[in-house]
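Enquirer: Note that the protein sequences, when read in sequence, are chains G and W.
Per the working numbering, the first sequence runs over residues 1 to 259.
Per the working numbering, the second sequence runs over residues 1001 to 1259.
Below: one structure in structure tokens.
2 protein chains.
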Amino acid sequence: MRVLLTNDDGINAPGIVALAKAISQIADVTIVAPATEMSAVGHAITLSDPLRVSEVQKNGDFFGYAVSGTPADCIKLAHWALLKDQPKPDAIISGINLGSNTGINVIYSGTVSAATEGAILGIPSFAISLTTFVDPDFSYAADFAAGFLPTFLSLKLPKGVFLNINVPAIAGDKIKGVKITRQGMANYEEQYHVREDPYHRKYYWLTGQKVNVESDINIDDGAINAGYISITPIHYNLTFDPLLQELHNLDLDMELARK
Amino acid sequence: MRVLLTNDDGINAPGIVALAKAISQIADVTIVAPATEMSAVGHAITLSDPLRVSEVQKNGDFFGYAVSGTPADCIKLAHWALLKDQPKPDAIISGINLGSNTGINVIYSGTVSAATEGAILGIPSFAISLTTFVDPDFSYAADFAAGFLPTFLSLKLPKGVFLNINVPAIAGDKIKGVKITRQGMANYEEQYHVREDPYHRKYYWLTGQKVNVESDINIDDGAINAGYISITPIHYNLTFDPLLQELHNLDLDMELARK
């Protein structure tokens, strides 16, 4: 079994090191990950600059390829250039992310975008995140990823669909199980800190917090807050079907186009 | 009527200048746009750096605010900081983008991500793109945006839904009308040019082209290629509902979590 790993926290982040350790027990692992932290880059790809690749060693052994780009760049570059003469991986795993990727955050997540790229390429893919920024212990989430992998590969997900997994940052024996969830729709209440730099120029720094977080355990954040691992099936067809007919009926056609 | 404009080609791009000219005939226009080109940034937001804002003049008049961030940053910053003491805009328009935002490109599009931010904030929003990179003439698309705006505001889109509009780059009198479409799912066949820099270091540059583009005029690219303006209703709930029950039935629950 061949597994390609990436993340958005960068190739030296402890989350991908823990994931690589667990997955390499059961599969041949190749790592192609951003050289530096690429959080909240969304589904960015690098068009206006070239990408650089360097080989990263850990403890004297080859560990993986560091790419001067985003998580989406890493998957594209691995597939179409770096590993193109090798057999396709059986799976792509992106993570383990430091911090949850739930609700509206999914659209900002570099971790999730890498799994999206995997799904676009028709390779079974999942993103996995640990829901804390403080004192992360990735070992349970890493073991869960490895334990889940055979089941995951038996799922035969439809084309263009992947899984977004979030593991609560609590002791393994406190985890209540797995919930299949929907992406939450809680909004952010944003705040910009307005400060002055040493040269008396104003700058703005984004902070913010989710408000009205759903407590329903069938929603990603609700499941996590109740102590469950959340697994959400995700796709990248963003069409809002329920509105198609209504808009058709408006007969916007010639009148508007010719105005 | 108040309209907030942004784009991903940058505040000095001709597409947003043409849009501002057309929309200011019927509304008070405020522009908050990236200071520099931000194409293919996807739904990136800037967390690890501060944002800077500068006022941009054109022909001696105040034109708008240039932000050192992404299109999504522009909408967030406008809403939560720059314009927070003013009444909410009646609409947000993102564009006019140089080049189409159709099919899978929608997920990489900074232009579309700005409209997504508008929808998140509950403000009626649309993205508009002109489907060429060569000799763009934005005047028809700009007039279409202005002509469409009153109809658009009467639509009462559901929460979290916005429109993605693509205008074919052909003469206005050749445009056949408007089609309400779904997002295409044609894949890219990517290629990386592998080159050597002046210091003999290798670099990779992404190129690629869409393959198997749908000819169905109910799909975005199909409508455009047939000479129609394409309007796709888009949302940011990425849950793939059809799989929820099947995954529930797998009973992944305790067994996997406790492995």
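Using N, Cα and C, we set each Cβ at its ideal position, and we do this for glycine too.
#1: Give the list of continuous beta strand (DSSP E) stretches no shorter than 3 residues that lie fully inside the region 216-258 of chain G.
#2: For the beta strand (DSSP E) that Ile-96 (chain G) lies in, which residues bound it at each end?
#3: Relative to the C-alpha of Thr-30 (chain G), which residue among G:Ile-16, G:Met-38 and G:Gly-42 is closest?
#4: Excluding the 5 residues preceding and the 5 following Phe-133 (chain G) in the sequence, name in chain order all residues of the same chain whose CB lies nearer than 8 Å to its CB.
#5: Which same chain residues end up closer than 6 Å to Val-1041 (chain W) when comparing Cβ atoms and leaving out the 5 residues on each side of it in sequence?
#6: Report yes or no: do the region 1006-1013 of chain W and the region 1105-1120 of chain W share at least 3 C-beta pairs separated by less than 8 Å?
#7: Starting from the beta carbon of Glu-1214 (chain W), find every residue of chain G whose beta carbon is closer than 7 Å, and list them in chain order.
#8: What are the start and end residues of each continuous alpha helix (DSSP H) run of 4 or more residues lying completely inside the region 1005-1048 of chain W, in chain order?
#9: Based on Cα-Cα distance, which residue from W:Ile-1096, W:Met-1038 and W:Val-1032 lies nearest to Asp-1137 (chain W)?
#10: What first and last residue would you give for the beta strand (DSSP E) that runs through Leu-149 (chain G)?
#11: So, for Phe-1063 (chain W): in the same chain, excluding its five sequence neighbours on each side, which residues have a beta-carbon less than 7 Å away from its beta-carbon?
#12: Nearest by alpha-carbon distance to Ala-22 (chain G): which of G:Phe-144, G:Gly-177, G:Ile-75 and G:Asn-101 is it?
#13: Work out the CA separation of Val-161 (chain G) and Trp-80 (chain G) for me, nearest whole Å.
#14: I want to verify the contact list: residues of chain W whose CB lies under 8 Å from the CB of Met-185 (chain G), in sequence order.
#15: Under a CB-based cut-off of 8 Å, is Ser-1039 (chain W) close to chain G?
#16: Is any beta-carbon of chain G found at less than 8 Å from that of Thr-1102 (chain W)?
#17: The alpha helix (DSSP H) with Ile-107 (chain G) in it runs from where to where?
#18: So for Lys-1088 (chain W), helix, strand or coil by DSSP?
#19: Under the three-state reduction of DSSP, which class applies to Val-67 (chain G): helix, strand or coil?
#20: Compute the Euclidean distance between the alpha carbons of Ser-1024 (chain W) and Glu-1189 (chain W), then round it to the nearest angstrom.
#21: If Asn-187 (chain G) and Asn-212 (chain G) are in contact, beta carbons under 8 Å, what's the gap, nearest whole angstrom?
#22: Within the continuous beta strand (DSSP E) that includes Ile-180 (chain G), where are the two ends?
#23: Near Ala-1027 (chain W), what residues of its chain come up, given a Cβ to Cβ distance below 6 Å and the 5 sequence neighbours on each side ignored?
#24: Does any C-beta atom of chain W lie closer than 8 Å to the C-beta of Thr-132 (chain G)?
#25: Identify whether Val-1112 (chain W) lies in helix, strand or coil by the three-state DSSP scheme.
#26: Whole angstroms are fine: how far does the CA of Thr-102 (chain G) sit from the CA of Ala-18 (chain G)?
#27: Name the DSSP beta bridge partners of Asn-1166 (chain W), please?
#28: Under the rule that 16 or more other beta-carbon atoms within 10 Å means buried, what is Glu-1246 (chain W), buried or exposed?
#29: Alpha carbon to alpha carbon, what distance is there between Ile-231 (chain G) and Ala-35 (chain G)?
#30: Residues in the same chain with beta-carbon distance under 8 Å from Tyr-192 (chain G), minus the five sequence neighbours each way, listed in chain order, please.
#31: Rounding to the nearest angstrom, what Cα-Cα distance links Ile-1093 (chain W) and Asp-241 (chain G) in this structure?
#32: What number of angstroms, rounded off, separates the C-alpha of Ile-1217 (chain W) from the C-alpha of Tyr-1228 (chain W)?
#33: Can the beta-carbon of Gln-183 (chain G) be found less than 8 Å from the beta-carbon of Asp-135 (chain G)?
#34: Between Ile-104 (chain G) and Ile-1120 (chain W), is the Cβ-Cβ spacing less than 8 Å?
#35: Could one say the Cβ of Pro-233 (chain G) lies closer than 8 Å to chain W's Cβ atoms, at least one of them?
Expert: Reading from the atomic positions:
#1: Look at the region 216-258 of chain G and you find these whole runs of beta strand (DSSP E), each 3 residues long or longer: 228-235.
#2: Residue 96 (chain G) sits at position 96 when you count from the first residue of the first sequence. First-last of the beta strand (DSSP E) with Ile-96 (chain G): 91-98.
#3: Looking up residue 30 (chain G) in the first sequence gives position 30. Checking every option, the nearest Cα to that of Thr-30 (chain G) belongs to G:Ile-16.
#4: As a working note, residue 133 (chain G) is residue 133 in the first sequence. For Phe-133 (chain G), the CB contacts under 8 Å within the same chain, skipping 5 residues up- and downstream, are Leu-98 and Gly-99 in chain order.
#5: Here residue 1041 (chain W) is taken as the residue at index 41 of the second sequence, counted from 1. For Val-1041 (chain W), the CB contacts under 6 Å within the same chain, skipping 5 residues up- and downstream, are Thr-1070 and Gly-1110 in chain order.
#6: Flag = yes, the region 1006-1013 of chain W and the region 1105-1120 of chain W touch.
#7: Taking the first residue of the second sequence as position 1, residue 1214 (chain W) is located at position 214. Residues of chain G passing the Cβ test: none, with the nearest at roughly 12 Å.
#8: Taking only runs of at least 4 residues, the alpha helix (DSSP H) segments lying wholly in the region 1005-1048 of chain W are 1014-1023.
#9: Working through the second sequence from its first residue, we reach residue 1137 (chain W) at position 137. Closest by alpha carbon: W:Ile-1096.
#10: Position 149 of the first sequence, counted from the start, is the residue given in the question as residue 149 (chain G). Going by DSSP, Leu-149 (chain G) is part of no beta strand (DSSP E) but of the alpha helix (DSSP H) stretching over 139-153.
#11: As a working note, residue 1063 (chain W) is residue 63 in the second sequence. Excluding sequence neighbours, Phe-1063 (chain W) sits near Ile-1031, Val-1056 and Gln-1057.
#12: Translated into positions along the first sequence, residue 22 (chain G) becomes position 22. Among G:Phe-144, G:Gly-177, G:Ile-75 and G:Asn-101, the Cα nearest to that of Ala-22 (chain G) belongs to G:Phe-144.
#13: Start at 1 with the first residue of the first sequence, and residue 80 (chain G) comes out as number 80. Start at 1 with the first residue of the first sequence, and residue 161 (chain G) comes out as number 161. If you take the alpha carbons of Trp-80 (chain G) and Val-161 (chain G), they lie about 20 Å apart.
#14: Here residue 185 (chain G) corresponds to residue number 185 of the first sequence, with the count starting at 1. Chain W residues near Met-185 (chain G): Gly-1160 and Asn-1237.
#15: Counting from one through the second sequence, the residue named residue 1039 (chain W) turns up at place 39. Yes, because at least one Cβ of chain G sits closer than 8 Å to the Cβ of Ser-1039 (chain W).
#16: Within the second sequence, residue 1102 (chain W) is the residue found at index 102, counting from 1. With 8 Å as the cut-off, Thr-1102 (chain W) does not count as an interface residue toward chain G.
#17: Working through the first sequence from its first residue, we reach residue 107 (chain G) at position 107. Unbroken run through Ile-107 (chain G): none, as it is neither H nor E.
#18: Start at 1 with the first residue of the second sequence, and residue 1088 (chain W) comes out as number 88. If DSSP states are grouped into helix, strand and coil, Lys-1088 (chain W) belongs with coil.
#19: What you label residue 67 (chain G) is simply residue 67 of the first sequence in a count that begins at 1. Here DSSP, grouped into helix, strand and coil, assigns Val-67 (chain G) to strand.
#20: Within the second sequence, the letter at position 24 stands for residue 1024 (chain W). Within the second sequence, the letter at position 189 stands for residue 1189 (chain W). For Ser-1024 (chain W) and Glu-1189 (chain W), the distance between alpha carbons rounds to 41 Å.
#21: Here the question's residue 187 (chain G) lines up with position 187 in the first sequence. Here the question's residue 212 (chain G) lines up with position 212 in the first sequence. Between Asn-212 (chain G) and Asn-187 (chain G) the Cβ distance is about 7 Å, and since that is below 8 Å, they are a contact.
#22: Within the first sequence, residue 180 (chain G) is the residue found at index 180, counting from 1. Here the beta strand (DSSP E) through Ile-180 (chain G) covers 177-180.
#23: Here residue 1027 (chain W) corresponds to residue number 27 of the second sequence, with the count starting at 1. The answer, listed in chain order, is Met-1001 and Val-1003.
#24: Mapped onto the first sequence, residue 132 (chain G) falls at position 132. With 8 Å as the cut-off, Thr-132 (chain G) does not count as an interface residue toward chain W.
#25: The residue you call residue 1112 (chain W) lines up with position 112 of the second sequence. The three-state reading of DSSP puts Val-1112 (chain W) in helix, counting H, G and I together.
#26: Residue numbering aside, residue 18 (chain G) sits at position 18 when the first sequence is read from its first letter. Residue numbering aside, residue 102 (chain G) sits at position 102 when the first sequence is read from its first letter. Approximately 21 Å between the Cα atoms of the pair.
#27: The residue given as residue 1166 (chain W) occupies position 166 in the second sequence. Partner residues in the beta bridge of Asn-1166 (chain W), as assigned by DSSP, are W:Ser-1129 and W:Ser-1230.
#28: For the purposes of this step, residue 1246 (chain W) is taken as residue 246 along the second sequence, with counting starting at 1. That one is exposed.
#29: Indexing the first sequence from 1 puts residue 35 (chain G) at position 35. Indexing the first sequence from 1 puts residue 231 (chain G) at position 231. Approximately 28 Å between the Cα atoms of the pair.
#30: Looking up residue 192 (chain G) in the first sequence gives position 192. The residues are Tyr-204, Trp-205, Leu-206 and Thr-207.
#31: Translated into positions along the second sequence, residue 1093 (chain W) becomes position 93. Translated into positions along the first sequence, residue 241 (chain G) becomes position 241. Here the alpha carbon of Ile-1093 (chain W) sits roughly 22 Å from the alpha carbon of Asp-241 (chain G).
#32: The count along the second sequence starts at 1 and reaches residue 1217 (chain W) at position 217. The count along the second sequence starts at 1 and reaches residue 1228 (chain W) at position 228. Computed Cα separation, rounded: 8 Å.
#33: For this step, residue 183 (chain G) is matched to residue 183 along the first sequence. For this step, residue 135 (chain G) is matched to residue 135 along the first sequence. Cβ distance not < 8 Å, so Gln-183 (chain G) and Asp-135 (chain G) don't count as in contact.
#34: Taking the first sequence and counting its residues from 1, one reaches residue 104 (chain G) at position 104. Taking the second sequence and counting its residues from 1, one reaches residue 1120 (chain W) at position 120. Going by C-beta atoms, Ile-104 (chain G) is nearer than 8 Å to Ile-1120 (chain W).
#35: Taking the first residue of the first sequence as position 1, residue 233 (chain G) is located at position 233. Between Pro-233 (chain G) and chain W, the shortest Cβ-Cβ separation is below 8 Å.
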